[in-house]
Ligand SMILES: [Zn+2]
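Numbering (my numbering), first residue to last: 4 to 309.
Structure (C-alpha cells):
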C-alpha cells in the first residue's frame with residue numbers, strides 16, 4: 004500500500020469547485036472589466052446558474068464537496084455562497100479578488116490574506132480549514148503565511164498525487180494536491196487564440212475516468228477541480244454524474260472533501276489521534292511519531308511504502 008486511507012479504502016476522491024465568478028477577470032484585466040459586459044456575464048453564469056446546478060447534482064449523488072470562494076464572490080454573490088454553506092459543503096479560501104499571488108509581494112499577499120479571511124468570517128461565519136490559491140499560483144513564502152493564519156491545509160500544488168507535507172517555519176502544512184489533467188478550465192473554456200478547442204464531454208469523461216482508475220490502483224487522491232461558470236453548463240453537469248457513477252463501480256473509494264483528506268493526513272487514524280491538527284500544539288507533532296498502540300500510525304508511515 005503506497006498510502007494508507009481510512010477504513011481500508013484503496014483511494015480517496017474529492018470534488019472541488021472554485022467559485023471565481025468575475026473576480027479573476029477583474030484582477031487580471033481591470034480596464035477591460037470596466038466595459039466588457041460579455042466577459043462579465045460569461046463568468047456570472049457561475050453564481051447565477053452553475054452553483055445551483057452543481058448543488059443539485061451533489062445532492063442527487065449524495066456527496067459533500069469543497070468550494071473555494073474568493074472574498075469578492077462572497078460579497079457580490081452572497082446568496083449562492085450561503086446556499087453552498089447551508090448545504091453542508093466545505094468552504095475554503097480562494098483569494099480576495101482572485102489575486103494571482105505571483106504578481107504580489109509578501110506585504111500585499113499578507114493584506115489580501117487578511118481581507119479574504121475577514122470577508123469569509125463576516126459574511127458567512129466561516130473560518131476555512133483550507134486554501135486554494137487563485138490560478139494555483141503559490142509563492143515560496145505562502146505556506147508559512149497559511150500556517151500563521153491557522154490553515155490546516157493548502158490545495159494548490161502538484162508535487163504528489165497523495166497528500167503530503169510542505170515544510171514551513173511553523174511546522175508542516177498539509178498539501179492536498181491538484182493537477183492540470185483534473186481541471187475543467189483548460190479543457191472546456193473557450194479562449195480566443197488559445198490552442199485548446201472546447202472538449203467533447205465524452206472525451207473528458209474518458210480522460211478523467213482513466214486517470215481515476217489508474218490513480219485508484221496507485222492509492223491516489225483524486226481531486227477534481229471545476230468552476231461553476233465552466234462546468235455548470237448542462238452537458239458538463241451530466242458528465243459529473245457519469246464520472247461519479249463510473250468511480251462508484253470501483254471498490255474502496257473514499258468519497259470525501261479536501262478538508263477530511265487533510266484531517267486524515269494530519270492526524271493518525273486511531274480515534275485518540277483524530278482531533279484537528281490545526282488546534283494541536285506544535286510539540287504534539289513530534290510526539291505523534293512515537294507508537295502508542297498497534298493502530299497508531301504517523302502520517303509519515305502512511306507514505307512511501309511498497
Ligand atoms: Zn479560481
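Note that beta-carbon positions come from the ideal geometry of N, C-alpha and C, so glycine has one too.
For secondary structure counted as the alpha helix (DSSP H) over 4 or more consecutive residues, the stretch 126-195 holds these complete runs in sequence order: 145-151, 188-191. In the structure shown, residue 42 adopts helical secondary structure according to DSSP, grouped into three states.
For residue 53, the secondary structure class from DSSP, reduced to helix, strand or coil, is helix. Here DSSP, grouped into helix, strand and coil, assigns residue 256 to strand.
Taking the C-beta atoms as reference points, residue 15 is found no nearer than 9 Å to residue 211. Between residue 113 and residue 160, the gap from beta carbon to beta carbon reaches 9 Å or more. The beta carbon of residue 201 sits closer than 7 Å to the beta carbons of 191, 193 from its chain, once the five residues preceding and following it are set aside; these are given in chain order.
The beta carbons of residue 179 and residue 157 sit closer together than 9 Å.
Following the DSSP letters along the chain, one finds residue 89 inside the alpha helix (DSSP H) bounded by residues 81-89. Secondary-structure assignment with DSSP links residue 20 through a beta bridge to 70, 229. Between the alpha carbons of residue 261 and residue 96 lies a distance of about 12 Å. In this structure, DSSP gives residue 98 a state outside helix and strand, which the three-state scheme calls coil.
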